[in-house]
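Undergrad: The numbers in the working numbering rise by one with no breaks, and the one at position 938 of the sequence shown is 948. My questions all concern the structure below.
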Amino acid sequence: MATDTSADRARQEELLRRARAHASARTKPVPAPASTTAPGSGPAPLSHAQRRMWLMDRLGHAGASYSVPFATRLRGPLDLTALTTALTRLVGRHEILRTRYGQRDDEPYQETMDAPATVTVPVVEADEPSAAALLTDEARRAFDLSSGEALRALVLRHGEQDHTVLLTFHHIGIDGGSLDTVTRELTALYTAAVQGTEPALPATPPQYADFARREHEGDGRTEEGLRHWAGRLTGATAPRLPRPEGTTAVTGSKPAGTHTVALTERVPEALRALGGEHRATVFTVALAASFAALHRLTGDEDLVIGVASTHRQGAAMRDLVGLCVNTLPVRVDLSGDPAFTTLVERVRDALLEAQRYRHVPFDLILERLGAAARGTDGTALVRVTADVLGEPATLRLPGTVSAYVEVGAVDAKFDLSFGLVDAGDPAAVVRYARTALDDATAAVLGAGYAALLEAVAAEPGLRLSQLPGIAPVGNDGLSVRSGQDRQDSREVRSTDPDHDNTPAGQRAEAALSAHPRVVDATVAEPPGGPLLAYAVLRDSVGPTPYELRAHLRTVLAPGAVPAAVTLLDTMPRRADGAIDRDRLPGLPAPSAPNGPRAKAVAEGFTALLGRVPAPDDDFFDLGGHSLIAVQLAERLRSALKLPLTGLDVLQARTPRALTTLLDARAHEQAAKSARVSGTRRTTRPGTVLVTGGTGGVGAFVLRELAAQGRPVLALARPESAHLVAGDGVEVIEGDLADPAALREAVAAADAVIHAACTFTRPEVDLAAMEAMVEGWRRGPFVFVSSVDAYGHPADDRVTEASASQEPLSAYGRGKLDCEALLLRAAGTEGRGGASAVRSPIVWGAHDRLRDQLRWGSTGLLYQAAHEGRPIELPRPGTAGHPWYGAAWVHAAALARAVTSCLDTPVHGVASAVSGHVSWQELASDLTTLLGSSSTVQETDRVQQDLDHRWHYDSHRLSVPLRAQRGEDRLSVLAAMIKGGTEDDAP
């Protein structure tokens, strides 16, 4: 067995040096300036705006909503080394761009990290058709707020002198005003780097942590403002948008849609003139138009729209980079069918009043209002916003011509946002969450908003009732299903009550649900009491309870007509989507929940809210807010070892509902444990550390280890711990950016499966592998690598012994460098055998793996087939290669192959391949599964994503890779497209 020598260590250090160099720019950039953080300043509190962003992240409610992508097309010579230098010095100047966020004693904090030696700037070759998808995919990639990564860069190379530069920030560290500073400073820093001079910039710009400390010190001066807002917003409710069926208001993701309608050139100037006549800005007039459009959509006369306000005041804050915005809830009375000019004055007065108290943080307003600031579904009062959009920021570098590039919308921050483009080509913009509006309704709203702006620009004296209508989709409601609803209603009506054995409550519920103006309904049958009906209307101008009951009398037998109909804003539902009948008003109260979970919930409420709750007390009425929801979830998750998030708390709201949710999850966990114990077999003892358990591959590895009965230690961040917790799984906190935690975790395990990866930060992956190798002292180590580590072999068939050949992608080189570190350490100082398992494209029914339907080669073909577009593929024989396609592996087969290396290490490299598929075959599979009309067109051109022609041998792991039931190509693609889970398979 090999022994460790000083020569080996020297070679290992040289390997590390070279690998790190590959992750840096080709030419060493100018070093970043020293940090301006004062010695001993230490962690700082979060500003209130940051705190809200942090809470959204911890609640699992952020998704890509709070990514701020900023893209510019640059035509002309681009000096990538100078760009790297400029970005590195920018991050060095502004501490907020290298700040990590943590939690101590239940309170979040921010802490500045050392300036990086260089900022990595990946360069990707991209043609026009693929560029938009690449930008969107990069923008939607989640940030890890605990790692200090607040800025990501990506350069798309379209030609020798044609590039797109994408900078993606997390909103917790930047706002619109900051982008102006960033673009101005990057221009100066880039110019200086090209010319070899020093930039003409202030030596020490203001730092955001100082602003956050000052705001925190001034919190005691907000009481008067809080009293104002509490009085101003008393009785206010969020607009009742015509939410699509099957969606809930509180959801972890809000897929966004946008409708933009061009306006005539005269509109902005006419609105500006109108504002001048009424002592109002064009922003105020546009906000009034937003209120009018929302009124025309909902029929509501008491509306609240949120607007952004800035804390940037004075020269001292001009160059500050950070989040300096606050949300102002503007409440306006639209009653009396006022003229639009009157509405402008009402909005002007309401906005001026709101701005007098703009210093009061919105999250403190929500805390003061409690449950009154939220709907019955737990969402906050401000769901609709409005803004005037000016000229977008662009990066202007000397020697290039700049053009703004729109990055596709991913997630929406709010349910609905109105925008007036007051620059270049004027337009009306409606951005919406698809959980709040369906596309058809949003299209009607967008067109109606544009028509309304045109109308008030021409005739500002029109009354609201005279403005262009924003007609609901269909003639009798906001749903295109109204025709079917009428058919359903006729079917209910024709039922013969004398020969219908359906229970009366079910008949009443069916009849009420079939009403064209009802979006949700249920009927309860209290013991010994009459039927009670509950309904949610499609909009706020629907029928009254009396009218609904009168309708039911016309279609039901007398004994099936409910004694009363109660209208609800939303139907109370449990986390699994079932109606929570315990929260329906007017029903006899059930007995109080009991048992250890009910006790833990009650104790948690008491400890964090300071009051002993009744079973049906509302979390918000007791003083709860988002931070307490996060704290309660973490407390219960730790005590009960059950998955729970802050979002679950916000949705459940009462101790009874939260206990019911935890009981259900305990039942699910017990059932899973029973299934695992039934398949448990005798294996060698030893705990297996698994990294990447929250990812697609890692999830299948955990499932396979559980089926084998192996004890598992899963590495996860605190906010993700509930995703991997389960029977036989102990969670240890840590991530790839925490070397100490990695060393500790490896040292505690008898074997390691390393499946985690950053994908875009090879220097982090390499440092993580170095730390894990340092902590590794016993047992086998399995590294999930990639066939990208083979590079571009000259032969089309690649054996497992094939050497890597240039060119290698940054991702492939990172994998290769990690393999080298691992394999050189294997067998030394008591370490066991090492296996580097190289996988190709991984397919499986898991959310992370389904992401491939949006990017890469699979995504390229899927999106074309999904949209019915022609699919262009390289003709066999193009460029002298007889075949183009890809290797793939089923995630379950990969998991079996990886875990088999625990018992039988390969002591080197092995490939894990389920099969190979040509692009023609994959296109045929996808069009068949989607029922697509797309046609395949073969050409002599090879797109970058499809320039793959290698077959990989996988003899070493052929036994565990043998396909099992449901692991054929068509089955796994169908499961990914359907969005189901393999657990559903028999």
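Glycine is no exception: its CB is placed at the ideal position from the N, C-alpha and C atoms. Fair warning: this is a prediction, and the values are worked out from it, not measured in the lab.
Which residue from Pro278, Val277, Val295, Arg276 puts its Cα closest to that of Gly285?
TA: Val295
Undergrad: On the CB-based measure, 16 or more other CB atoms within 10 Å of its CB, does Glu5 come out buried or exposed?
TA: This structure cannot speak to residue 5, because the chain is shown only from 11 to 996.
Undergrad: Ignore the nearest five residues each way along the sequence and tell me which others in Thr616's own chain have a CB closer than 8 Å to its CB.
TA: Val622, Pro623
Undergrad: Just the C-alpha distance for Arg250 and Asp579, rounded to the nearest angstrom, thanks.
TA: 8 Å
Undergrad: Ignore the nearest five residues each way along the sequence and tell me which others in Leu547's own chain have a CB closer than 7 Å to its CB.
TA: Arg527, Val528, Val529, Leu577
Undergrad: Alpha carbon to alpha carbon, how far is Val722 from Ser981? Give it in angstroms, no decimals.
TA: Ser981 and Val722: Cα-Cα distance of roughly 30 Å.
Undergrad: How far does the alpha helix (DSSP H) with Val277 in it extend, from its first residue to its last?
TA: Bounds of the alpha helix (DSSP H) holding Val277 are 276-287.
Undergrad: When we look at the beta-carbon of His226 and count the other beta-carbons within 10 Å, is it buried (16 or more) or exposed?
TA: exposed
Undergrad: Taking the DSSP output, what are the residues bridged to Pro55?
TA: Tyr119
Undergrad: When DSSP labels each residue in this structure, what does Ala1073 get in the three-state scheme?
TA: Nothing can be reported for residue 1073, as the shown portion of the chain is limited to 11 through 996.
Undergrad: Answer yes or no: do Arg9 and Ala246 have a C-beta to C-beta separation smaller than 8 Å?
TA: Residue 9 lies beyond the stretch modelled for the chain, which goes from 11 to 996, so this question has no answer here.
Undergrad: Less than 8 Å between the beta carbons of Gly822 and Gly854, yes or no?
TA: no
Undergrad: Please specify which runs of the alpha helix (DSSP H), each continuous and at least 4 residues long, are wholly inside the segment 186-240, giving them in chain order.
TA: 186-205, 218-227
Undergrad: Relative to the alpha-carbon of Gln120, which residue among Leu56, His764, Leu541, Glu416 has its alpha-carbon at the smallest distance?
TA: Residue Leu56 is the option with its Cα nearest to Gln120.
Undergrad: With DSSP as the reference, label Ile184 as helix, strand or coil.
TA: coil
Undergrad: Return the chain-ordered list of same chain residues with a C-beta closer than 8 Å to the C-beta of Leu597, the five sequence neighbours on each side being excluded.
TA: Ala534, Pro536, Leu542, Arg591
Undergrad: On the CB-based measure, 16 or more other CB atoms within 10 Å of its CB, does Gly471 come out buried or exposed?
TA: Burial check for Gly471: the Cβ neighbour count within 10 Å stays below 16, so the residue is exposed.
Undergrad: Can you give me the Cβ contacts of Ala514 inside the same chain, cut-off strictly under 7 Å, excluding the 5 residues immediately before and after it?
TA: Leu541, Gly569, Ala570
Undergrad: Do Leu69 and Leu657 have their beta-carbon atoms positioned less than 8 Å apart in this structure?
TA: yes
Undergrad: Is Tyr442 near Gly267, with beta carbons less than 8 Å apart?
TA: yes
Undergrad: Using 10 angstroms around the beta-carbon of His958, count the other beta-carbons present and answer buried if the total reaches 16, otherwise exposed.
TA: buried
Undergrad: Which two residues bound the contiguous alpha helix (DSSP H) that contains Asp530?
TA: Element bounds for Asp530: not the alpha helix (DSSP H) but the beta strand (DSSP E), 528-534.
Undergrad: For the ligand GDP, any of its heavy atoms closer than 7 Å to the Cβ of Leu672?
TA: The model on display carries no ligand, and the ligand GDP is accordingly not part of it.
Undergrad: Drop a sphere of 10 angstroms on the beta-carbon of Glu519, count the other beta-carbons inside from all chains shown, and report buried for 16 or more, exposed for fewer.
TA: buried
Undergrad: Determine which residues share a DSSP beta bridge with Val431 and list them.
TA: BP columns for Val431 point to Leu399, Ala437.
Undergrad: Output the distance between the C-alpha atoms of His965 and Ala907, rounded to the nearest integer angstrom.
TA: 11 Å
Undergrad: Could you tell me if Thr174 is buried or exposed, where buried requires 16 or more neighbouring beta carbons within 10 angstroms of its beta carbon?
TA: With 16 or more Cβ atoms within 10 Å of its Cβ, Thr174 is classed as buried.
Undergrad: Anyone know if the C-beta pair for Leu307 and Ile315 falls short of 8 Å?
TA: Against a cut-off of 8 Å, the Cβ pair of Ile315 and Leu307 comes out as no contact.
Undergrad: Would you call the CB atoms of Ala465 and Leu477 closer than 8 Å?
TA: yes
Undergrad: Assign Val700 to one of three DSSP states: helix, strand, or coil.
TA: strand
Undergrad: What is the DSSP secondary structure of Leu391, reduced to helix, strand or coil?
TA: coil
Undergrad: Looking only at C-alpha atoms, which of Arg406, Pro625, Val611, Arg378 sits nearest to Ala390?
TA: Arg378
Undergrad: Spell out whether any CB of chain B is found under 8 Å from the CB atom of Ser188.
TA: Here chain B cannot be found, since the structure has a single protein chain.
Undergrad: According to the neighbour-count rule (16 or more other Cβ atoms, all chains shown, within 10 Å of its Cβ), is Phe630 buried or exposed?
TA: buried
Undergrad: Taking only the alpha-carbon atoms, compute the straight-line gap between Ser765 and Ser924 and give it to the nearest angstrom.
TA: The sequence given here places Ala at residue 765; Ser does not occur at that position. Distance between the alpha carbons of Ala765 and Ser924 is about 18 Å.
Undergrad: Could you tell me which whole alpha helix (DSSP H) segments of length 4 or greater appear in the segment 555-607?
TA: 555-565
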